[in-house]
Amino acid sequence: MDYQQFAKVDLGFFPTPLVKLSRLSQALGCEIWMKRDDMTGLAFGGNKTRKLEYILGDALAKGCDTIITAGAAQSNHCRQTAAAAAQLNLECHLLLGGEQPEKAQGNLLLDNLFGCYIHWAGDNRKGEDIPALYQSLQAEGKTPYIVPYGGSNALGALAFIDAVKELAEQSRGLAFSRLIFASSSGGTHVGLMLGKRLFNQAFELVGINIDKDENPDMPFDGQILELARKTAVMIGSSETFSSQDLLLNPDYLAEGYGIVGAAENEAIALTAQLEGILLDPVYTGRAMAGLIDMIRTGEIRQGEQVLFWHTGGAPSLFACADQLDLTQGKNKQV
Ligand SMILES: *Cc1c(COP(=O)(O)O)cnc(C)c1O
Numbered sequence: 001m002d003y004q005q006f007a008k009v010d011l012g013f014f015p016t017p018l019v020k021l022s023r024l025s026q027a028l029g030c031e032i033w034m035k036r037d038d039m040t041g042l043a044f045g046g047n048k049t050r051k052l053e054y055i056l057g058d059a060l061a062k063g064c065d066t067i068i069t070a071g072a073a074q075s076n077h078c079r080q081t082a083a084a085a086a087q088l089n090l091e092c093h094l095l096l097g098g099e100q101p102e103k104a105q106g107n108l109l110l111d112n113l114f115g116c117y118i119h120w121a122g123d124n125r126k127g128e129d130i131p132a133l134y135q136s137l138q139a140e141g142k143t144p145y146i147v148p149y150g151g152s153n154a155l156g157a158l159a160f161i162d163a164v165k166e167l168a169e170q171s172r173g174l175a176f177s178r179l180i181f182a183s184s185s186g187g188t189h190v191g192l193m194l195g196k197r198l199f200n201q202a203f204e205l206v207g208i209n210i211d212k213d214e215n216p217d218m219p220f221d222g223q224i225l226e227l228a229r230k231t232a233v234m235i236g237s238s239e240t241f242s243s244q245d246l247l248l249n250p251d252y253l254a255e256g257y258g259i260v261g262a263a264e265n266e267a268i269a270l271t272a273q274l275e276g277i278l279l280d281p282v283y284t285g286r287a288m289a290g291l292i293d294m295i296r297t298g299e300i301r302q303g304e305q306v307l308f309w310h311t312g313g314a315p316s317l318f319a320c321a322d323q324l325d326l327t328q329g330k331n332k333q334v
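First residue of the sequence shown? That's 1 in UniProt numbering, and the numbers climb one at a time after it.
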């Protein structure tokens, strides 16, 4: 397989560290390792940095000068896109769901610092207004490029094939039974699925579903399989996938996207207080809550060696202060 043909631009620092979480392991009775993609380096890091290396590489190769993407007000994807666009001297337009809040905090504060244009999209939360914006920018004489929602197209997924190669090289001598991660727009999931195949990794891939599935015509499972098919075709691979190859666990959706409950609060506090590592309230806090639950219920056996993929997102902690439970664990207000 050869995909060197795809243009790529350097945006982060790789390989990201692979670390053992000794104290969390001891507390939970399993051997837990973490892949630190929160440390990709681009504006507080995260999994979108990898995807943007290929997607913006393509934008530059096509001579584009303006980037458009969409997301939630606290989108980590939009923050990393805005930072990358600043670095690459590209104009950046973000279409953010909802209304402009009184005060910009967390990721939104950072978006503003990177000097991008912010358009409030109301109920059109998943980029529905992109075509209209594209046309108006084109009419102004710009050459716009659309980065898909969450950076989840075949080029974005390709970056996570690389990530599995990177992991395989780092983890010789280790034998992870499972790789657990937060899955939302699916690009990370697809790249990990293909990478697992192409680099013969034995772990079971456990995607923790973060976002409620609201599209009956094309549920997430179907979207992920379709993107896996497209990505395989794009790189000239004959790998095929069926629903048996896909594990997208819906057990931890709780109150829905971005609503921080007791399980997320416990996971965030445990990881902070035992390891000094920040999870985020929306994605990794929920995925870690899933891992903790699977250990406690015995679905993951004691002593199993598991890998948690930290996909980033901590800047949104600063926008969620009122949802964080500061009475958890060792925290004492004295
Ligand atoms: C975007 C994101 C994810 C999900 O990745 P997808 O490729 O969209 O499924 C997980 N964690 C964090 C912190 C993210 O920002």
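Here a beta-carbon is modelled for each residue, glycine too, at the ideal position from N, C-alpha and C.
From a predicted model like this one, the values you see are computed outputs, not experimental measurements.
{"Query": "Find the nearest neighbour of V9 within the set K20, E239 and N89, judged by alpha-carbon distance.", "Result": "N89"}
{"Query": "Is it true that the stretch 55–66 meets the stretch 96–104, where meeting means three or more beta-carbon pairs spaced less than 8 Å apart?", "Result": "no"}
{"Query": "With DSSP as the reference, label C64 as helix, strand or coil.", "Result": "coil"}
{"Query": "DSSP has L94 in a bridge; who is on the other side?", "Result": "T69 and I118"}
{"Query": "By Cβ distance, which residues of its chain are closer than 8 Å to A59, with the 5 residues on each side in sequence left out?", "Result": "I67, L90, Y145 and V147"}
{"Query": "Cβ of Y283 within 8 Å of any heavy atom in ligand 1?", "Result": "yes"}
{"Query": "With a Cβ-Cβ cutoff of 9 Å, do A319 and A73 count as a contact?", "Result": "yes"}
{"Query": "Quick check on this structure: which residue in K20, L24, S183 and G141 has the alpha carbon closest to the alpha carbon of residue 348?", "Result": "Limits of the chain in this structure are 1 at one end and 334 at the other, which puts residue 348 out of reach."}
{"Query": "Can you look up L113 in the DSSP assignment and give me helix, strand or coil?", "Result": "helix"}
{"Query": "Just mark V233 as buried or exposed, buried being the case when its beta carbon has 16 or more other beta carbons within 10 Å.", "Result": "exposed"}
{"Query": "Could you give the distance in angstroms between the alpha-carbon of H77 and the alpha-carbon of G151?", "Result": "7 Å"}
{"Query": "Apart from the five residues just before and just after A61, which ones in its own chain have a Cβ nearer than 6 Å to its Cβ?", "Result": "A7"}
{"Query": "To the nearest angstrom, how far is it from the Cα of E264 to the Cα of G285?", "Result": "5 Å"}
{"Query": "Using 8 Å as the cut-off, classify the Cβ of F44 as near or not near the heavy atoms of ligand 1, replying yes or no.", "Result": "no"}
{"Query": "If we call anything under 9 Å between Cβ atoms a contact, is C116 one with A70?", "Result": "no"}
{"Query": "Less than 9 Å between the C-beta atoms of A84 and L11, yes or no?", "Result": "yes"}
{"Query": "If I159 sits next to G186, beta carbons under 8 Å apart, how far is it from one beta carbon to the other, in whole angstroms?", "Result": "It is Ala, not Ile, that sits at residue 159 in the sequence shown. With 8 Å as the limit, A159 and G186 do not qualify as a contact, their Cβ atoms being about 13 Å apart."}
{"Query": "Would you give the residue range spanned by the alpha helix (DSSP H) that N265 belongs to?", "Result": "A262 to E275"}
{"Query": "To test your reading of the DSSP string, which unbroken alpha helix (DSSP H) runs of 4 or more residues are found completely within the stretch 171–218?", "Result": "187–198"}
{"Query": "Which residue wins for smallest C-alpha separation from I295, given the options L24, L28, V19 and P17?", "Result": "L28"}
{"Query": "Which of helix, strand or coil does DSSP assign to K126?", "Result": "coil"}
{"Query": "Work out the CA separation of G261 and G141 for me, nearest whole Å.", "Result": "47 Å"}
{"Query": "Three or more beta-carbon pairs under 8 Å between the stretch 165–179 and the stretch 304–319, yes or no?", "Result": "yes"}
{"Query": "Applying the 10 Å Cβ sphere with the 16-neighbour rule, what's the burial state of F13?", "Result": "exposed"}
{"Query": "Measuring CB to CB, does A43 end up less than 9 Å from R79?", "Result": "yes"}
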